[in-house]
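From first to last, the protein sequence lines stand for chains A and B.
Our numbering puts the first residue of the first sequence at 9, with every later residue one more than the last.
Our numbering puts the first residue of the second sequence at -16, with every later residue one more than the last.
Shown next, in structure tokens, is the structure this report addresses.
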Amino acid sequence: MTLDLIVAQLFTGVALGAVFVLLSTGLSVIFGMLGVVNFAHGAFYMTGAYAGVFVLALTGNFWIALVAVPVLIGVMGLGVERFLIRPLYGRGQDYPLLLTFGLGYVLIEVVRILFGTDGMPFETPPLLSGGLDIEGLGYFPAYRLFVIAMTAALMLGLWILLERTRYGLIIRGAARDPEILSVLGVDTRKVFLLVFGLGTGLAALAGLLAAPMRSVNPEMGVAVLIEAFVVTVIGGMGSLLGGAVAGMLVGIVVSMTALWMPEMSEISMFALMALVLLVRPHGLFGRGALAR
Amino acid sequence: MTRDIAAARIMPSGADWSATAQRWRVPLLTVALAALPWIVPSQALAVNILIFGLYATGFNLLFGFAGMLSFGHAAFFGAGAYGAGIALARYGVGWFGAIAIGVAVAGVLALLIGALSIRSRGIYFSMVTLALAQLVYYVAFQATDWTGGENGLRGLTVSVIHIGPLALNFLDPVTKYYVILVFVVAALYAISRLLNAPFGAAMEAVRENESRAAAIGYDVKRIKLIAFTLSGLVCGLAGTLDALHLSIVPIDTLFYQTSGLAVMMVLLGGSGTFLGPFVGAAIFLLIEDVFSIWTPHWQLFVGIVFILAVLFLPRGVWGTLAAWHKRRSA
């Protein structure tokens, strides 16, 4: 077991973790504001990757896809919140959950009809196909560096938006007490709408970024949904910091077990979750009140 | 959801018809199920409605009556199937012993997963059960020596069933159907008794208001764990019957989609009602049966029907009918 092998695997784990962070952040933001567990989150991730395939075939430019995909799927998310989820507010938390579960089913089938049931190739964009060779440490693929940097920048941007701007104040207020906020003259329905769009846009972006690293197929969102849940449970529901820490932790644990015990790599994240649950039932950074 | 059920039990209303139907629900359902193979388009569909109806009933015990939305019941269905299958194929246990072993394995697993997951509540509970069930799936996937891994478990064909001096040809679809029916009816009878017992009321009390139930003096944690385990046992029985029926156990039996199946069936039929899960299983499987003839994308229709049910028919088909009848006769 050489050092460069361990470093390489650790790096892969961080890149994988970055995708988990984006996913669980979208999930967490939606839950924190709307109280909705989005079971279609994996399906939005999958449609993000396919929207990437589509835009890339149309324009041949990865950078256009990088902007267009989250916007496209985010707008789709707006429609979903407005017409499917909004009628269910006030009916308890199970109904939006069930609805998004059904929506996931439908999205997978629609993609199968449009793009076929087989997987699709997704090339790494030419500009990022190289890598960084550091003497004595190993070789770092440029695309993974890009994914990590992109995630870090997005998380920083999101943190500034939520904690340092007027809009963030409104969003945090809507999460705390939507009724008081609407009394103060804020249209909370609009806040919920935009937050859901933001969450689905993040899921789509995660799908697009993951596409060159993992395979693109209609079922790619199913396993990822469960992985995102595991991350969210470990980090604590509704906690941005928790999601970020847990995402990295899970990514690293999964790829390190893949190095030493390949047959245990899928099991390791669940074992980690069970362990965290035993010690802290609300997750590492979760507060009891949020786990209603 | 359906506090009406508890109410109907406490004060038998003027609606004699529905009170009678309530009392005779197991015999009525038995007659309906016994006639099923002659009503639906195919024998295969009938036996699936029977098995998945029982599976959905087991899930409904937890979701409909105790208010806990589990997304991990594939683990218990699969544990029953694999438990029975491994006993049959690897250890040469007889068919009846295999069923008992399958149910026991599912029960122990439900006790374990339940103990861990009831520490969390609401949607958190849904996610934890889902993740723990996936853990079971991946373990079964890797334990190829026992489970056959990706290829599924094979070689558990039961061709003849001996009951005393009787030898029944289990390969005959009709005989098989009625053998399975005996087990399903026995389980339904037990569930019906349980729901009528004080424990049934205790579960509903926990569903309606946890803190109030605790204030009255119920041990909420214990009720939840017992409900979870009982639900797992019933789903385990359904799993063993599915293994006997199919003669193989596909690895997908343990996957997320199987958990979702129970959720969809129960919601389509009506959660918290006794007959709803069977109605929901029948609707789901009929949609699959009819639409898969002319399109491989039948899941699209199931998904759309399910979304419409969540939006416009949250009590499910049977639950809405029952409520409508109650309003008319009141």
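The beta-carbon is built from N, C-alpha and C at its ideal position, and this holds for glycine as well.
Given this structure, state the Cα-to-Cα distance separating residue i from residue j, to the nearest angstrom.
i, j, result
"L115(A)", "S194(B)", "39 Å"
"W281(B)", "V288(B)", "11 Å"
"T40(B)", "V119(B)", "22 Å"
"M(-16)(B)", "A266(A)", "With a pLDDT of only 43 at M(-16)(B), under 50, the local geometry of the prediction cannot be trusted, and the value read off the model is given with reservation. Taking the straight line from one Cα to the other gives about 46 Å."
"I168(A)", "M248(B)", "44 Å"
"I(-7)(B)", "S190(A)", "With a pLDDT of only 48 at I(-7)(B), under 50, the local geometry of the prediction cannot be trusted, and the value read off the model is given with reservation. Each residue's Cα considered, the two are about 42 Å apart."
"L164(A)", "A27(B)", "56 Å"
"V141(B)", "A197(B)", "48 Å"
"S223(A)", "G127(A)", "7 Å"
"L227(B)", "A123(B)", "19 Å"
"D12(A)", "L140(A)", "13 Å"
"F295(B)", "V273(B)", "23 Å"
"S36(A)", "L201(A)", "15 Å"
"G255(B)", "A49(B)", "9 Å"
"I84(B)", "N152(B)", "22 Å"
"E227(A)", "V285(B)", "17 Å"
"T241(B)", "Y38(B)", "10 Å"
"G246(A)", "F59(B)", "30 Å"
"G229(A)", "I156(A)", "20 Å"
"V168(B)", "I121(A)", "41 Å"
"P148(B)", "L213(B)", "33 Å"
"L298(A)", "G291(A)", "Reliability of the predicted coordinates at L298(A) is poor, the pLDDT of 39 falling under 50, and no value is obtained from them."
"L220(B)", "L216(A)", "43 Å"
"G138(A)", "F19(A)", "16 Å"
"A(-11)(B)", "H56(B)", "Note that A(-11)(B) scores a pLDDT of 49, beneath 50, so its modelled location is shaky and nothing firm can be said."
"G112(A)", "L213(A)", "17 Å"
Does DSSP put residue i in a helix, in a strand, or in coil?
i, result
"V189(B)", "helix"
"D12(A)", "helix"
"I(-12)(B)", "Confidence is the limiting factor: at I(-12)(B) the pLDDT is only 49, short of 50, which leaves the residue's position unreliable and the question unanswerable from this model."
"M128(A)", "strand"
"V45(A)", "coil"
"V224(A)", "strand"
"W307(B)", "helix"
"L52(B)", "coil"
"I93(A)", "helix"
"G47(B)", "helix"
"P(-5)(B)", "Here the model assigns P(-5)(B) a pLDDT of 47, short of 50, so the residue's position is not dependable and the matter cannot be decided."
"T278(B)", "coil"
"W21(B)", "helix"
"S100(B)", "helix"
"A254(A)", "helix"
"Y151(A)", "helix"
"F293(A)", "coil"
"F238(B)", "coil"
Going by the CB atoms, is the gap between residue j and residue i shorter than 7 Å?
i, j, result
"G34(A)", "M256(A)", "no"
"F130(A)", "A51(A)", "no"
"L154(B)", "A72(B)", "no"
"F47(A)", "L105(A)", "yes"
"Y74(B)", "I275(A)", "no"
"L33(B)", "I163(B)", "yes"
"I242(A)", "M281(A)", "yes"
"R152(A)", "A57(A)", "no"
"L208(B)", "G97(B)", "yes"
"F237(A)", "M110(B)", "yes"
"A211(A)", "Y97(A)", "no"
"L92(B)", "V232(B)", "no"
"L30(A)", "T208(A)", "no"
"F204(A)", "G250(A)", "no"
"G243(B)", "G252(B)", "no"
Using DSSP bridges, identify the partner residues of residue i.
i, result
"V232(B)", "L136(B)"
"I142(A)", "G146(A)"
Specify, as a first and last residue, the run of the beta strand (DSSP E) that residue i falls within.
i, result
"L149(B)", "L149 to N152"
"I146(B)", "V143 to I146"
Give the residues of chain D in contact with residue i, contact being defined as C-beta atoms less than 7 Å apart.
i, result
"R120(A)", "No chain D is present in this structure, whose protein chains are A and B."
Between which two residues does the alpha helix (DSSP H) containing residue i stretch?
i, result
"V61(A)", "H49 to T67"
"M272(A)", "Element bounds for M272(A): n/a, residue is neither H nor E."
"Y175(A)", "R174 to R184"
"Y65(B)", "A57 to Y74"
"D195(A)", "It is not in any alpha helix (DSSP H) - D195(A) carries neither H nor E in the DSSP assignment."
"G105(B)", "G105 to Q125"
"T256(B)", "Looking at the DSSP string, T256(B) is not in any alpha helix (DSSP H), and its letter there is neither H nor E."
"Y172(B)", "P156 to N179"
"S247(A)", "From DSSP, S247(A) is part of no alpha helix (DSSP H); its letter is neither H nor E."
"W7(B)", "From DSSP, W7(B) is part of no alpha helix (DSSP H); its letter is neither H nor E."
"G87(A)", "F70 to V88"
Is residue i near the ligand PLP, with its Cβ less than 6 Å from a heavy atom?
i, result
"S276(A)", "For the ligand PLP, the structure offers nothing, since it holds no ligand at all."
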